[in-house]
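Worksheet: the structure to be examined is printed underneath.
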Ligand SMILES: [Fe+2]
């Protein structure tokens, strides 16, 4: 066995009702909190009220920053950081999907260290502790509650850029399946498929290692088994719990391995057309798997088993590709870029943008050229 390192510094609480711990947990970290959330959904679902009550009952002074948009921009993060500094926040509470959680990480960095967000984009640019973060995911997909990453959109070039540092692991993650009940079927599907892509990419990453492999295979099997039910029935807390748990496992995977070609390719349709992140990955997923799998039969044999293969009736790669296509159909996800109003003329630009995501490409087991990336986009059109 190869030597390896595994790092995950977040304390995790999982289960129905753990949302009510937020006041208690945050009060260990500070007396003044900035609550970072999206513009509407947490208010509408009642989650914001529940979290506010818990924080106030624990004696915290709370300011709400509810200006986080989908795919948060550097400007939003900087505004949040300024508010946190002005009110002397000691702890940041993130409530929402990937966008609020990633924005909250940026806010915690700026509130703690000052400066501009672009000073911290990239890997290892944060060299001191930032404000502690308590994360409460309301979607089951991003895994951001257990990762050292934040993805921020740079308005200069419109590209999604990652901030990577052990200092932005949330201090505490509270995973309450009841918080995910308010997701629409489409959001449940998109975020669940994002989690699936984290596990698939992590398992086939050049940085894959034994612990992350075990987590990835479990996450894949759970999503394959439970996502259709979570999409079909919002109130099915059993299915919701399993998918939320799987998305956390998949987050722990990419915390070690990073993401690979699929995420690298998924970003451009999102930044250019606003296609949800998980949907963008889902449309590209089978084609990227077929490309990567052709040179990685052994790993794909494990993936196929996790996806339900019981007999060698098809090649492992074929089985795995067909299994994700079937899952995508079951959760009623669009299957090609054309159906998402993408223009074919943009594919070359998408491919050029993908080649700039060098970290994703370095993590991908198979080397890839601009022309090969373009071909995968064409196959996905
Ligand atoms: Fe993702």
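Numbering (this note's numbering), first residue to last: 12 to 392.
Quick reminder that beta carbons are idealized off the backbone N, C-alpha and C, glycines included.
Cross-strand partners of residue i (DSSP beta bridge)
i           : result
residue 16  : In the DSSP output, where bridge partners are listed per residue, residue 16 has none listed.
residue 43  : 72
residue 148 : 107
residue 133 : 174
residue 65  : Residue 65 is not bridged to any residue.
residue 375 : 216
residue 186 : 25
residue 79  : 49
residue 33  : Answer is none; residue 33 lacks a bridge partner.
residue 161 : 174
residue 332 : According to DSSP, residue 332 bridges with nothing at all.
residue 102 : 44
Cβ-heavy atom distance, residue i to ligand 1, below 8 Å
i           : result
residue 164 : no
residue 208 : yes
residue 368 : no
residue 201 : no
residue 113 : no
residue 303 : no
residue 288 : yes
residue 285 : no
residue 307 : no
residue 375 : no
residue 292 : yes
residue 213 : no
residue 217 : no
residue 153 : yes
residue 282 : no
residue 109 : yes
Alpha-carbon to alpha-carbon, residue j and residue i
i           : j           : result
residue 61  : residue 26  : 16 Å
residue 59  : residue 166 : 29 Å
residue 148 : residue 187 : 8 Å
residue 41  : residue 175 : 24 Å
residue 316 : residue 326 : 11 Å
residue 38  : residue 207 : 34 Å
residue 132 : residue 14  : 29 Å
residue 80  : residue 111 : 8 Å
residue 313 : residue 228 : 8 Å
residue 281 : residue 349 : 14 Å
residue 197 : residue 343 : 8 Å
residue 209 : residue 90  : 30 Å
residue 292 : residue 70  : 42 Å
residue 137 : residue 376 : 28 Å
residue 126 : residue 29  : 35 Å
residue 257 : residue 235 : 10 Å
residue 35  : residue 24  : 13 Å
residue 386 : residue 352 : 19 Å
residue 277 : residue 283 : 11 Å
residue 65  : residue 73  : 11 Å
residue 183 : residue 105 : 10 Å
residue 273 : residue 43  : 40 Å
residue 359 : residue 299 : 16 Å
residue 271 : residue 296 : 11 Å
residue 185 : residue 84  : 25 Å
residue 119 : residue 139 : 12 Å
residue 322 : residue 134 : 43 Å
Simplified DSSP assignment, three categories, for residue i
i           : result
residue 352 : coil
residue 275 : helix
residue 324 : coil
residue 194 : coil
residue 245 : coil
residue 22  : strand
residue 174 : strand
residue 318 : coil
residue 49  : strand
residue 392 : coil
residue 367 : helix
residue 87  : helix
residue 6   : Because the chain is modelled from 12 through 392, residue 6 falls outside the range shown and cannot be assessed.
residue 141 : coil
residue 302 : helix
residue 361 : helix
residue 382 : helix
residue 167 : coil
residue 239 : helix
residue 221 : helix
residue 181 : coil
residue 203 : helix
residue 128 : helix
Beta carbon proximity, residue i to chain D, threshold 9 Å
i           : result
residue 323 : This model lacks chain D altogether, as it is built from one protein chain only.
Near ligand 3: residue i beta-carbon under 8 Å from a heavy atom
i           : result
residue 274 : Inclusion of ligand 3 in the displayed structure is not the case, the ligand content consisting of ligand 1 alone.
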